[in-house]
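Heads up: the sequence shown at position 16 corresponds to 20 in our numbering, and the numbers run straight through without jumps. Note that beta-carbon positions come from the ideal geometry of N, C-alpha and C, so glycine has one too. Here is the structure we will look at.
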Amino acid sequence: MVFLQALRHSIKLPAKEAMFKLNRIGMDITVVYMFILLLIVSMPSLLDRLLTPSETGLTVHFFFLIMYFFIFYYLPLVIFVFIMLAATAYVGVLISRGLSRKIRFSILWKMCAYTTTIPFIIYTFVALLTPISDRWLWLFLVYTVILMVKIITVYPRRKKRRKK
């Protein structure tokens with residue numbers, strides 16, 4: 005149930021209400037949400053692997069094909085996406101400091117994770133219909149950064165401390 009709420013609110017981003025509701029969701033739920041979302045994103049590749057005969061003529065048992073997929077496609081994809089989310093959130097921290105906003109890295113990481121929902125779903129639908137390069141995901145990174153800047157501007161400014 006909480007995953008469906010997260011999906012519903014992440015589609016509404018950068019709306020202020022959706023952002024604050026997503027902020028109340030724990031980091032553990034966000035990480036599991038990302039695992040599920042990346043599993044959905046990798047399904048077109050898995051289907052392509054299952055439906056395309058191998059060039060060598062060797063047939064591989066279904067179990068080994070699934071294991072191969074998870075070890076050499078899904079796991080590197082998850083690692084790469086999590087590193088890119090961290091890098092994007094770090095850039096967001098720098099932007100928030102420049103705009104004098106009160107927002108932490110963990111909140112930015114969580115918001116970046118939720119902003120990837122729409123691009124990943126679009127990528128999945130397009131990849132199911134036609135072969136598409138993974139390079140399109142870089143374009144979606146630009147979308148995530150733009151949404152992140154909009155999210156940062158919603159947060160309140162830092163109060164300036166008086167010097168004594």
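Can you tell which of 52, 15, 147 and 7 has its C-alpha closest to the C-alpha of residue 32?
Along the sequence shown, read from residue 1 onward, the residue named residue 32 stands at position 28. Per the Cα distances, 7.
Nearest to residue 153 by alpha carbon, out of 85, 92, 49 and 142?
Looking up residue 153 in the sequence shown gives position 149. Among 85, 92, 49 and 142, the Cα nearest to that of residue 153 is on 92.
Residue burial classification, residue 38 (beta-carbon count within 10 angstroms, cutoff 16):
Residue numbering aside, residue 38 sits at position 34 when the sequence shown is read from its first letter. Taking a 10 Å sphere around the C-beta of residue 38, we find 16 or more other C-beta atoms and assign the residue as buried.
Should residue 23 be labelled buried (16 or more other beta-carbon atoms within 10 Å of its own) or exposed?
For the purposes of this step, residue 23 is identified with residue 19 of the sequence shown, where counting begins at 1. Buried.
For residue 105: DSSP bridge partner residues
For the purposes of this step, residue 105 is taken as the residue at position 101 of the sequence shown. In DSSP, residue 105 forms a bridge with 161.
Does the Cβ-Cβ distance between residue 69 and residue 54 come in under 8 Å?
Mapped onto the sequence shown, residue 69 falls at position 65. Mapped onto the sequence shown, residue 54 falls at position 50. Residue 69 places its beta carbon less than 8 Å from that of residue 54.
Just to check, is the beta-carbon of residue 85 closer than 7 Å to a non-hydrogen atom of the ligand FMN?
The ligand FMN is not part of this structure, which contains no ligands at all.
If the criterion is Cβ atoms closer than 8 Å, does the pair residue 159 and residue 107 meet it?
Position 155 of the sequence shown holds residue 159. Position 103 of the sequence shown holds residue 107. Yes; because the gap between Cβ atoms is below 8 Å, this pair is in contact.
With a threshold of 16 other CB atoms inside 10 Å of the CB of residue 121, please say whether the residue is buried or exposed.
In the sequence shown, residue 121 corresponds to position 117, counting from 1. With 16 or more other Cβ atoms within 10 Å, it is buried.
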